[in-house]
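Shown next, in structure tokens, is the structure this report addresses.
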Amino acid sequence: MFTQFVPVYEGSKVQVGVSRLELAGQDVNDSLEKFANTNGFTFKDYLEKETLADLKEKLCYVAQNYEEEKKKDANKLDKTFNLPDGKEIKLGVERFECAEQLFEPETCGKEIDGIIDRANDMLMHVDPDVRNELYGHIVLAGGNTMMPGFVERVKTEFTKLAPISAKDWILLHQKIEILLLGKEAPYLLVYQLLNQLVCQKMIMMTIIWVLSMQYAPKTIFLHLVFIHYYMLSK
């Protein structure tokens, strides 16, 4: 389970900027499972563990300010989720605490980069001539990216970390454009981008076409691809 970061220029990945982080959606699921276990719930096989992914997608969200979110009345955060066996599980602060580790891993005791820090470090390895535009065009893929608040947090964090030249570019173009591909996209993108299958170029051109149609009057060739997924264990 990991997150893959792939800068793409004119339909091809920029190999020097490709990076991998041992942090992904399964880590959020694992945190939810630990919480559930302490409250008497167990998830043994694959199908039962898929319930955790459903729980995450239904109740979890990304806080825009973690410290401020923790100050809120815990009772107002409580929400319940109906399990397949008819039982109910209640989540409170866990709704955003489990997701925070993607941005600040130390909140869960992990001494590694968060996804934004790693993505920013990746961009520092890309040619400065294209880096600014990469900051402004981001593709998000995977189930985690569908959590409420995820896109907004990405925009906020990138705006903070972007170098002055990139901030000037973003200001000139008024916004950071983000395309959300959704939950199933990583299973296609990973093989296309990393293993260079025959249909790689077709997939990349499809992404460019969607961006062009949805976000700009001209074709956009510069993208930063965020990929969140986990491999099923055999």
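Remember, the working numbering sits 13 above the position in the sequence shown when you count from 1.
For glycine and all other residues, C-beta sits at the position ideal for the given N, C-alpha and C.
Quantities reported herein were computed from a predicted structural model and do not represent experimental measurements.
Check your understanding: In its own chain, which residues sit with a C-beta less than 8 angstroms from the C-beta of residue 165, not counting the 5 before and 5 after it?
Key -> As a working note, residue 165 is residue 152 in the sequence shown. Around residue 165: 75 and 77.
Exercise for review: In the DSSP assignment, find the unbroken beta strand (DSSP E) run with residue 102 in it and report its ends.
Suggested key: Your numbering for residue 102 matches position 89 in the sequence shown. Per DSSP, the continuous beta strand (DSSP E) segment holding residue 102 begins and ends at 101-104.
Exercise for review: Put residue 151 into one of helix, strand or coil per three-state DSSP.
Suggested key: The residue labelled residue 151 in the question sits at position 138 within the sequence shown. DSSP places residue 151 in strand when its eight states are reduced to three.
Practice item. Can you have a look at residue 114 and say buried or exposed, based on whether 16 or more other CB atoms are within 10 angstroms of its CB? Key: As a working note, residue 114 is residue 101 in the sequence shown. So residue 114 counts as buried.
Review point. Just the Cα atoms here: how many angstroms apart are residue 68 and residue 129?
Key: As a first step, residue 68 is located in the sequence shown; it is residue number 55 there, counting from the start. As a first step, residue 129 is located in the sequence shown; it is residue number 116 there, counting from the start. Each residue's alpha carbon lies about 24 angstroms from the other.
Review point. With respect to the alpha helix (DSSP H) encompassing residue 36, which residues constitute its N-terminal and C-terminal limits?
Key: If you number the sequence shown from 1, residue 36 lands on position 23. Counting along the chain, residue 36 sits inside no alpha helix (DSSP H), nor does DSSP assign it H or E at all.
Point to revise | Length of the line joining the Cα atoms of residue 49 and residue 23 | key: Reading the sequence shown from its first residue, position 36 is the one you call residue 49. Reading the sequence shown from its first residue, position 10 is the one you call residue 23. In this model, residue 49 and residue 23 are separated by some 45 angstroms (Cα to Cα).
Exercise for review: Let me know the secondary structure DSSP gives residue 26 once reduced to three states.
Suggested key: As a working note, residue 26 is residue 13 in the sequence shown. Residue 26 falls in the strand class under three-state DSSP.
Exercise for review: For residue 150, count neighbouring C-beta atoms within 10 Å of its own C-beta (all shown protein chains included) and say buried if the count is 16 or more, exposed if not.
Suggested key: Stepping through the sequence shown from its first residue, residue 150 is reached at position 137. Buried is the call here.
Check your understanding: In this structure, what does DSSP give as the bridge partners for residue 92?
Key -> The sequence position of residue 92 within the sequence shown is 79, counting from 1. Bridge partners of residue 92: 104.
Exercise for review: Taking residue 80 as part of the alpha helix (DSSP H), name the residues at either end of that continuous run.
Suggested key: Within the sequence shown, residue 80 is the residue found at index 67, counting from 1. Here the alpha helix (DSSP H) through residue 80 covers 79-83.
Review point. Do you know how far the Cα of residue 94 is from the Cα of residue 86?
Key: The count along the sequence shown starts at 1 and reaches residue 86 at position 73. The count along the sequence shown starts at 1 and reaches residue 94 at position 81. Straight through space, the alpha carbons of residue 94 and residue 86 are spaced by roughly 20 angstroms.
Review point. Hey, which unbroken runs of the alpha helix (DSSP H) at 4 residues or more fall wholly within the stretch 51-76?
Key: 59-72
Review point. If you run the structure through DSSP and keep just helix, strand and coil, what is residue 188?
Key: On the sequence shown, residue 188 is found 175 positions in, with the first residue counted as 1. With a pLDDT of only 48 at residue 188, under the threshold of 50, the placement of this residue in the model should not be trusted; the figure read from the coordinates follows. Looking at residue 188 - three-state DSSP - the assignment turns out to be coil, as it is neither helix nor strand.
**Study point:** Span separating the alpha-carbon of residue 97 from that of residue 66
**Key:** Stepping through the sequence shown from its first residue, residue 97 is reached at position 84. Stepping through the sequence shown from its first residue, residue 66 is reached at position 53. Rounded to the nearest angstrom, the gap between the Cα atoms of residue 97 and residue 66 is 13 angstroms.
**Study point:** residue 167 and residue 147 closer than 8 angstroms at C-beta
**Key:** Translated into positions along the sequence shown, residue 167 becomes position 154. Translated into positions along the sequence shown, residue 147 becomes position 134. Taking 8 angstroms as the Cβ cut-off, residue 167 and residue 147 do not qualify as a contacting pair.
Practice item. Quick one: give me the first and last residue of the alpha helix (DSSP H) that residue 135 is part of. Key: On the sequence shown, residue 135 is found 122 positions in, with the first residue counted as 1. Start and end: 128-136.
**Study point:** Nearest residue (CA-CA) to residue 117, options 88, 111 and 127
**Key:** As a working note, residue 117 is residue 104 in the sequence shown. If we check each option's Cα against that of residue 117, 127 comes out closest.
Check your understanding: Between which two residues does the alpha helix (DSSP H) containing residue 123 stretch?
Key -> Indexing the sequence shown from 1 puts residue 123 at position 110. From DSSP, residue 123 is part of no alpha helix (DSSP H); its letter is neither H nor E.
Check your understanding: Quick one: what does DSSP say residue 116 is sitting in, helix, strand or coil?
Key -> Counted from its first residue, the sequence shown places residue 116 at position 103. In the structure shown, residue 116 sits in coil (DSSP, three-state: anything other than H, G, I, E or B).
Exercise for review: Give the straight-line distance between the Cα atoms of residue 45 and residue 142, rounded to the nearest whole angstrom.
Suggested key: One-based indexing of the sequence shown puts residue 45 at position 32. One-based indexing of the sequence shown puts residue 142 at position 129. Each residue's Cα considered, the two are about 42 angstroms apart.
Practice item. Could you tell me how far apart the beta carbons of residue 159 and residue 112 are, in whole angstroms, since I believe they sit closer than 8 angstroms? Key: As a working mapping, residue 159 is identified with position 146 in the sequence shown. As a working mapping, residue 112 is identified with position 99 in the sequence shown. In fact, because the Cβ distance is near 11 angstroms, the residues do not count as touching under 8 angstroms.
Practice item. Tell me whether residue 164 sits in a helix, a strand or coil according to DSSP, three-state version. Key: Within the sequence shown, the letter at position 151 stands for residue 164. Helix, per DSSP.
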